[in-house]
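A short write-up of the structure that comes next.
Residue numbers (the working numbering): 16 to 159.
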């Protein structure tokens, strides 16, 4: 382990963790030495797409979450097992997961991509905000 890797593997204090999460990951919670987020989906196909997306990001980061998969939701739990709790690695991966999973093209980003139709047959992740409504988070931070 390099000095740089070790720095990112140090446990984060509970106070710092709660402050950082309130600012950057408001939909995530702290539970049992890990950070946790439940994503609701519109069914099995969407659930599998979400699991595959999180799996790809975790593998690319070489930092792997625990996931609980149900028909209409996926629970993602992150902790650094070697450190026995939450480290900067967990917060960084949670931020990337949040950004990628909740990204929506179209009006908000000025993208030429339309995004999924509003027809429920094509729904993917259940978003906290409706399309065309700005997310509660600030620019540059992961969307809700």
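All C-beta atoms, glycine included, are put in the ideal place defined by N, C-alpha and C. On a predicted model such as this, the values are computed, not experimentally measured, just so you know.
Check, Outcome
"Which residues mark the beginning and the end of the alpha helix (DSSP H) in which residue 24 is found?", "That residue, residue 24, is in no alpha helix (DSSP H); it is neither H nor E in DSSP."
"If you reduce the DSSP assignment to three classes, tell me which class residue 45 lands in.", "strand"
"Give the DSSP-derived three-state secondary structure of residue 83 in the structure shown.", "strand"
"Let me know the secondary structure DSSP gives residue 139 once reduced to three states.", "coil"
"Grouping DSSP H, G and I as helix and E and B as strand, with all else coil, what is residue 93?", "strand"
"Give the secondary structure of residue 33 by DSSP, where H, G and I count as helix, E and B as strand, and everything else as coil.", "helix"
"Is it right to say residue 30 is buried, meaning 16 or more other beta carbons lie within 10 angstroms of its own, or is it exposed?", "exposed"
"Give the secondary structure of residue 133 by DSSP, where H, G and I count as helix, E and B as strand, and everything else as coil.", "coil"
"Once you ignore the five residues that flank residue 46 on each side, which residues in its own chain have a CB closer than 8 Å to its CB?", "92"
"Report yes if the C-beta distance between residue 112 and residue 66 is below 7 Å; otherwise report no.", "no"
"Kindly indicate which three-state DSSP category residue 156 falls into: helix, strand or coil?", "Only weak support is given to the placement of residue 156: the predicted model assigns it a pLDDT of 38, under 50, and the value that follows is read from those uncertain coordinates. Correct three-state label for residue 156: coil."
"Counting pairs of beta carbons, one from the segment 56-63 and one from the segment 95-114, are three or more of them closer than 8 Å?", "no"
"Below 8 Å on the Cβ atoms is my guess for residue 32 versus residue 72; work out the distance and round it to an integer in Å.", "Actually they are not in contact, since the Cβ atoms of residue 32 and residue 72 sit about 21 Å apart, beyond 8 Å."
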